[in-house]
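Undergrad: Take 1266 as the starting number for the sequence shown in this note's numbering and just add one per residue.
Encoded as structure tokens, here's the structure I'll be asking about.
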Amino acid sequence: MILNKQDLNTQALKNLLACLLFLASPALAEKKLLVMATTDLHGQIAPLNSTSLAGQTVGIGGISILSSYIKALRKSRTGAQILVDAGDLFQGTMESNTLEGSPIVELYNYLRVDATAIGNHEFDFGPQGPDRVQVQSTQDPLGAI
1266 MILNKQDLNT
1276 QALKNLLACL
1286 LFLASPALAE
1296 KKLLVMATTD
1306 LHGQIAPLNS
1316 TSLAGQTVGI
1326 GGISILSSYI
1336 KALRKSRTGA
1346 QILVDAGDLF
1356 QGTMESNTLE
1366 GSPIVELYNY
1376 LRVDATAIGN
1386 HEFDFGPQGP
1396 DRVQVQSTQD
1406 PLGAI
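Here it is, written out as structure tokens:
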């Protein structure tokens, strides 16, 4: 079969329309993803006291403030959300050091952290430190050990 110029133009137009319909399909619609990330918690469960410019004592950091912020973000956005941590969950406070990071793992489970990287301080309690994160946690590991 030999196609003339008009047939080729018609076929090209059909192909173009098919492509446009495909590109307009809901499967290719823009999707939004809220990515929340934390890093270097260093066992800081309780907020640190500081003095504001107005002279008031205020709490800075800690799990309660972090939890409130994450809950507010999750509530304010619809659609897909992910919470990740870049490592160094342990080491730095009496609570974390005494219990070798276990409270942090439990709190991260409560916060519904989706994935954590293993930082250098996860090895401070020996080579089993990163294993504990994986065994006790509900988070997926980021990176390789």
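Glycine included, each C-beta is placed from N, C-alpha and C at the ideal position.
1. For His1307 and Thr1363, what's the separation of their Cα atoms in angstroms?
2. Helix, strand or coil for Val1370? Go by DSSP, reduced to three states.
3. Can you name the residues that DSSP bridges to Ala1283?
4. Just tell me which of Lys1336, Gly1326, Arg1377, Asn1314 has its CA closest to the CA of Asp1350.
5. Who are the near neighbours of Asn1280 in its chain, counting only those whose CB is closer than 6 angstroms to its CB and skipping five residues on each side?
6. Given Asp1305, which residues of its chain have a CB within under 6 angstroms of its CB, disregarding the five upstream and five downstream residues?
7. Which full runs of the beta strand (DSSP E) of 3+ residues lie inside the region 1313-1362, going along the chain?
8. Note down, in chain order, each residue of its chain lying with its Cβ closer than 6 angstroms to the Cβ of Ile1328, except the 5 sequence neighbours on either side.
9. Considering Asp1379, what are the terminal residues of the beta strand (DSSP E) in which it resides?
10. Go ahead and pull the three-state DSSP assignment for Ala1311.
11. Assign Leu1364 to one of three DSSP states: helix, strand, or coil.
12. To the nearest angstrom, report how far apart Leu1288 and Leu1278 are at their CA atoms.
13. Could you check where the beta strand (DSSP E) with Thr1403 kicks off and where it finishes?
14. Please report how far the alpha carbon of Gly1324 lies from the alpha carbon of Leu1286, in whole angstroms.
TA: Judging by the given coordinates:
1. Along the sequence shown, read from residue 1 onward, the residue named residue 1307 stands at position 42. Along the sequence shown, read from residue 1 onward, the residue named residue 1363 stands at position 98. For His1307 and Thr1363, the distance between alpha carbons rounds to 13 angstroms.
2. Locating residue 1370 in the sequence shown gives position 105, where the first residue counts as 1. Correct three-state label for Val1370: helix.
3. For the purposes of this step, residue 1283 is taken as residue 18 along the sequence shown, with counting starting at 1. Per DSSP, none; premise fails for Ala1283.
4. In the sequence shown, residue 1350 corresponds to position 85, counting from 1. Here the closest residue by C-alpha is Arg1377.
5. Counting from 1 along the sequence shown, the entry for residue 1280 is found at position 15. Excluding residues within five positions, none has a Cβ falling inside 6 angstroms.
6. In the sequence shown, counting from the first residue as 1, residue 1305 sits at position 40. So the list reads Asp1353, once near-sequence residues are dropped.
7. 1313-1316, 1322-1325, 1345-1350
8. The sequence position of residue 1328 within the sequence shown is 63, counting from 1. If we look at Ile1328 and ignore the five residues flanking it on each side, its Cβ neighbours are Ile1310, Leu1372.
9. Numbered from its first residue, the sequence shown carries residue 1379 at position 114. Segment: none, Asp1379 is in no beta strand (DSSP E) and carries neither H nor E.
10. On the sequence shown, position 46 is the one that residue 1311 refers to. Looking at Ala1311 - three-state DSSP - the assignment turns out to be coil, as it is neither helix nor strand.
11. By one-based count along the sequence shown, residue 1364 stands at place 99. Note: Leu1364 maps to coil in three-state DSSP.
12. Position 23 of the sequence shown, counting from 1, holds the residue named residue 1288. Position 13 of the sequence shown, counting from 1, holds the residue named residue 1278. The alpha-carbon atoms of Leu1288 and Leu1278 are separated by roughly 15 angstroms.
13. The residue you call residue 1403 lines up with position 138 of the sequence shown. Premise fails: Thr1403 is in no beta strand (DSSP E) and is neither H nor E.
14. For the purposes of this step, residue 1324 is taken as the residue at position 59 of the sequence shown. For the purposes of this step, residue 1286 is taken as the residue at position 21 of the sequence shown. Answer to the nearest angstrom: the Cα atoms are 55 angstroms apart.
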